[in-house]
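Just so you know, we're using our numbering here: the sequence shown kicks off at 410 and counts up by one. Glycine is no exception: its CB is placed at the ideal position from the N, C-alpha and C atoms. Quick caveat, the model's predicted, so the values are computed rather than measured. Notes follow the structure.
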Amino acid sequence: MDVTVVVPTFNEGPNVAELVRRLGDVLDDDVAPGGGEVLFVDDSTDDTPAVIAAVAAASALPVRLIHRERPDGGLSGAVVEGLRAATGQHVVVMDGDLQHPPEMVPVLLTRAHESGADVVVASRYTGRGDAGGLDGRWRRLVSQVSGLLARSMFPVKLREVSDPMTGFFVVRPTAVDLGSLRPRGFKILLEILARQRLSVVEEPFVFGERFAGRSKATVANGVRYVQQLTLLRFGRLSPFAVIGAAGAVLNLAILAGLQGLGVHYLPAVVVANGLTIVTNFLLQEHYVFPDLRDGVHGFWGRFVRSFAFNGSEAVARTVVLWWIVENALWHPEIVQALLILVAFVVRFVFQAQVVYRP
Ligand code: GDD
Ligand code: MN
Numbered sequence: 410m411d412v413t414v415v416v417p418t419f420n421e422g423p424n425v426a427e428l429v430r431r432l433g434d435v436l437d438d439d440v441a442p443g444g445g446e447v448l449f450v451d452d453s454t455d456d457t458p459a460v461i462a463a464v465a466a467a468s469a470l471p472v473r474l475i476h477r478e479r480p481d482g483g484l485s486g487a488v489v490e491g492l493r494a495a496t497g498q499h500v501v502v503m504d505g506d507l508q509h510p511p512e513m514v515p516v517l518l519t520r521a522h523e524s525g526a527d528v529v530v531a532s533r534y535t536g537r538g539d540a541g542g543l544d545g546r547w548r549r550l551v552s553q554v555s556g557l558l559a560r561s562m563f564p565v566k567l568r569e570v571s572d573p574m575t576g577f578f579v580v581r582p583t584a585v586d587l588g589s590l591r592p593r594g595f596k597i598l599l600e601i602l603a604r605q606r607l608s609v610v611e612e613p614f615v616f617g618e619r620f621a622g623r624s625k626a627t628v629a630n631g632v633r634y635v636q637q638l639t640l641l642r643f644g645r646l647s648p649f650a651v652i653g654a655a656g657a658v659l660n661l662a663i664l665a666g667l668q669g670l671g672v673h674y675l676p677a678v679v680v681a682n683g684l685t686i687v688t689n690f691l692l693q694e695h696y697v698f699p700d701l702r703d704g705v706h707g708f709w710g711r712f713v714r715s716f717a718f719n720g721s722e723a724v725a726r727t728v729v730l731w732w733i734v735e736n737a738l739w740h741p742e743i744v745q746a747l748l749i750l751v752a753f754v755v756r757f758v759f760q761a762q763v764v765y766r767p
């Protein structure tokens, strides 16, 4: 098979027949002499799978359907699943609502062959490209600002890419390390481009109007996008470091505050450690490991593991602190600050290896 067109769908029934018909018109022997196919990766909650099956039965162009009972990773997860199951040497990824014109597919494939690039991006923001069909001035602005943000965070990998947020592209699946991807939200191209160094070229295209139905984008997708960017740019260590630093400041403030109230440094340390272990856990749930937490031990299971380890570590640290303060006569705050730094490295390794290991 030369070409697999991967189409993620969520309740797109009324668009399926039109999309397959127009793809059938353009995927001829010139574009795909070895054959082409359409692969729907569907998470629908309505009758879309039945519609796809009916269209497939009547279509000359081979149509396959993967219906996911567990829609992991949403749109991005669906695309990755499509890349796994694709048989084509080239995979075209496009939306199912005809905002991505099927007539562009031969243009993109020709460019892929001529350039030999790993990825051909269909861009709204280069040459004659246009974001016309992006409904509303607000969404256009959000799209442009988030694209700008992504490009400033990945100046090298996205240098040639004017539209890292597009959902329309051609990729050689063998060039992509699928195992490295952490799909979430809508921005699968960004995930692919930011994880690896791939060769990229662009073709302008005009983002059209939806054929039927409404956009599935939500505010939650926007939040996922910011999380995705942080994880891509900083990996796990850095948000962990930011939270750890905030926790350390809080810890030292509690320690100093309680001592100021006349509390002995030892009970003050115990209270400070206990409270910050809880706040750090809650923050890391949301900002460090948001993509791993689903299905791993359950909230309380993770809390107990995390608390058991950090609690024992804090007890050991308190003993060391007591010993140093009594013998070296240093200020408890200074000893505590140094010990927190050492503990930070140890704790990070434990969290990543035990608490969040699937
Ligand atoms: N399988 C699956 N699972 N498909 C989904 C899901 C999901 O959870 N959510 C959306 N889709 C499918 C839709 O059915 C459609 O075929 C395609 O993904 C794009 O969804 P739309 O709802 O049409 O998104 P959009 O038009 O607002 O956004 C598109 O344009 C953006 C550019 O501004 C997408 O291509 C975005 O990726 C792109 O960034
Ligand atoms: Mn759309």
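Roughly how many angstroms separate the alpha carbons of P423 and M562, rounded to a whole number? By one-based count along the sequence shown, residue 423 stands at place 14. By one-based count along the sequence shown, residue 562 stands at place 153. P423 and M562 have their alpha carbons spaced roughly 38 Å apart.
What runs of the alpha helix (DSSP H), each 4 residues or longer, lie entirely inside the region 675 to 714? Secondary structure remark: continuous alpha helix (DSSP H) runs of at least 4 residues inside the region 675 to 714: none found.
Between which two residues does the beta strand (DSSP E) holding A531 run? On the sequence shown, residue 531 is found 122 positions in, with the first residue counted as 1. Element bounds for A531: V528 to S532.
Tell me whether V472 sits in a helix, a strand or coil according to DSSP, three-state version. Position 63 of the sequence shown, counted from the first residue, corresponds to residue 472. In the structure shown, V472 sits in a strand (DSSP, three-state: E or B).
Contact between the region 548 to 565 and the region 446 to 454 is defined here as three or more beta-carbon pairs at a separation below 8 Å; is this criterion met? The region 548 to 565 vs the region 446 to 454: no contact.
Of the listed residues G445, A626, R591 and L684, nearest to L638 (C-alpha basis): What you label residue 638 is simply residue 229 of the sequence shown in a count that begins at 1. That would be R591, whose Cα lies nearest to the Cα of L638.
Quick check: the region 644 to 663 against the region 677 to 693, are at least 3 beta-carbon pairs closer than 8 Å? With the cut-off at 8 Å, the region 677 to 693 and the region 644 to 663 touch.
Starting from V554, trace the beta strand (DSSP E) in both directions and tell me its first and last residue. As a first step, residue 554 is located in the sequence shown; it is residue number 145 there, counting from the start. DSSP places V554 in no beta strand (DSSP E) but in the uninterrupted alpha helix (DSSP H) bounded by R546 to M562.
Nearest to A677 by CA position, among E523, V763, P741 and H522, is which residue? In the sequence shown, counting from the first residue as 1, residue 677 sits at position 268. Relative to the Cα of A677, the nearest Cα in the group E523, V763, P741 and H522 belongs to P741.
Measure from the alpha carbon of E694 to the alpha carbon of each residue in V680, V529 and F716, then state which is nearest. The sequence position of residue 694 within the sequence shown is 285, counting from 1. Looking only at V680, V529 and F716, the smallest Cα-Cα distance to E694 is reached by F716.
How far does the beta strand (DSSP E) with H499 in it reach, from first residue to last? If you number the sequence shown from 1, residue 499 lands on position 90. H499 to V502 is the extent of the beta strand (DSSP E) around H499.
Per DSSP, D539 forms a beta bridge with which residues? Counting from one through the sequence shown, the residue named residue 539 turns up at place 130. Paired residues: V615.
Does the region 620 to 628 come close enough to the region 520 to 532 that 3 or more CB-CB pairs lie under 8 Å? Result no; under three Cβ-Cβ pairs closer than 8 Å.
Tell me whether E385 sits in a helix, a strand or coil according to DSSP, three-state version. The chain is shown only over 410 to 767; residue 385 falls outside these bounds and no answer can be derived.
Would you check if the distance between the CB atom of P573 and the CB atom of A559 is smaller than 9 Å? Translated into the one-based positions of the sequence shown, residue 573 becomes position 164. Translated into the one-based positions of the sequence shown, residue 559 becomes position 150. The answer is yes: Cβ separation under 9 Å.
Inter-residue CB distance, R633 and G594 (contact presumed, cutoff 8 Å): Residue mapping note: residue 633 aligns to position 224 of the sequence shown, counting from 1. Residue mapping note: residue 594 aligns to position 185 of the sequence shown, counting from 1. About 3 Å; that satisfies the 8 Å criterion.
Backbone CA spacing between L747 and A531 [nearest angstrom]: Numbered from its first residue, the sequence shown carries residue 747 at position 338. Numbered from its first residue, the sequence shown carries residue 531 at position 122. About 52 Å.
For D539, verify whether its CB is less than 8 Å away from any heavy atom of ligand 1. Along the sequence shown, read from residue 1 onward, the residue named residue 539 stands at position 130. For D539, the Cβ stays outside the 8 Å cut-off from all heavy atoms of ligand 1.
With ligand 2 as the reference, list in chain order each residue whose Cβ lies under 6 Å from any of its heavy atoms. Every residue whose Cβ sits closer than 6 Å to any heavy atom of ligand 2 is listed here in chain order: D504, D506, Q508, R619 and S624.
Under 7 Å Cβ to Cβ from G444, same chain only, skipping five residues before and after it: list those, please. Sequence index remark: in the sequence shown, residue 444 carries index 35 (1-based). Cβ neighbours of G444 beyond the five flanking positions: M410 and D411.
Give the range of the beta strand (DSSP E) segment to which P511 is assigned. For the purposes of this step, residue 511 is identified with residue 102 of the sequence shown, where counting begins at 1. Segment: none, P511 is in no beta strand (DSSP E) and carries neither H nor E.
Straight-line gap, L484 to R726 (C-alpha atoms, nearest Å): For this step, residue 484 is matched to residue 75 along the sequence shown. For this step, residue 726 is matched to residue 317 along the sequence shown. For L484 and R726, the gap between their C-alpha atoms comes out near 45 Å.
DSSP three-state label for V414, please. As a first step, residue 414 is located in the sequence shown; it is residue number 5 there, counting from the start. Strand.
Is it the case that the Cβ atoms of F698 and F712 are separated by a distance below 9 Å? The residue labelled residue 698 in the question sits at position 289 within the sequence shown. The residue labelled residue 712 in the question sits at position 303 within the sequence shown. No, the Cβ-Cβ distance between F698 and F712 is not below 9 Å.
Distance, A469 Cα to F578 Cα: Locating residue 578 in the sequence shown gives position 169, where the first residue counts as 1. Locating residue 469 in the sequence shown gives position 60, where the first residue counts as 1. C-alpha separation (whole angstroms): 24 Å.
With DSSP as the reference, label D434 as helix, strand or coil. Against the sequence shown, residue 434 aligns to sequence position 25. Three-state result, D434: helix.
Using beta-carbon positions only, say whether V570 and V500 come within less than 9 Å of one another. Against the sequence shown, residue 570 aligns to sequence position 161. Against the sequence shown, residue 500 aligns to sequence position 91. Not a contact, by the Cβ cut-off of 9 Å.
So what does DSSP say about L448, is it helix, strand or coil? Your numbering for residue 448 matches position 39 in the sequence shown. In the three-state reduction of the DSSP assignment, L448 falls in the strand class.
If I follow the unbroken alpha helix (DSSP H) through V488, where does it start and stop? In the sequence shown, counting from the first residue as 1, residue 488 sits at position 79. The continuous alpha helix (DSSP H) containing V488 extends over residues G483 to A494.
Sorry if obvious, but does the Cβ on E421 come closer than 8 Å to a heavy atom of ligand 1? Within the sequence shown, the letter at position 12 stands for residue 421. Yes, since a heavy atom of ligand 1 falls inside the 8 Å radius drawn around the Cβ of E421.
According to DSSP, what are the bridge partners of V609? As a first step, residue 609 is located in the sequence shown; it is residue number 200 there, counting from the start. As a beta-bridge residue in DSSP terms, V609 pairs with V528.
Per-residue burial, D439 [other beta carbons within 10 Å of its own, 16 or more giving buried]: One-based indexing of the sequence shown puts residue 439 at position 30. Only exposed fits D439, as fewer than 16 other CB atoms lie within 10 angstroms of its CB.
Could you give the DSSP three-state label for F718: helix, strand or coil? By 1-based counting over the sequence shown, the position of residue 718 is 309. Look at F718 here: in three-state DSSP terms it is helix.
What do you reckon, are the CB atoms on V425 and G545 nearer than 9 Å? By one-based count along the sequence shown, residue 425 stands at place 16. By one-based count along the sequence shown, residue 545 stands at place 136. No, they are not a contact pair.
Let me make sure I understand the geometry here. Which of P471, L432, P417 and L492 has the alpha-carbon closest to that of T457? Working through the sequence shown from its first residue, we reach residue 457 at position 48. The shortest Cα separation from T457 among P471, L432, P417 and L492 belongs to P417.
Using a Cβ-Cβ cut-off of 7 Å (strictly less than) and excluding sequence neighbours within five positions of G720, which residues of its own chain qualify? By 1-based counting over the sequence shown, the position of residue 720 is 311. Same-chain partners within the cutoff: I686.
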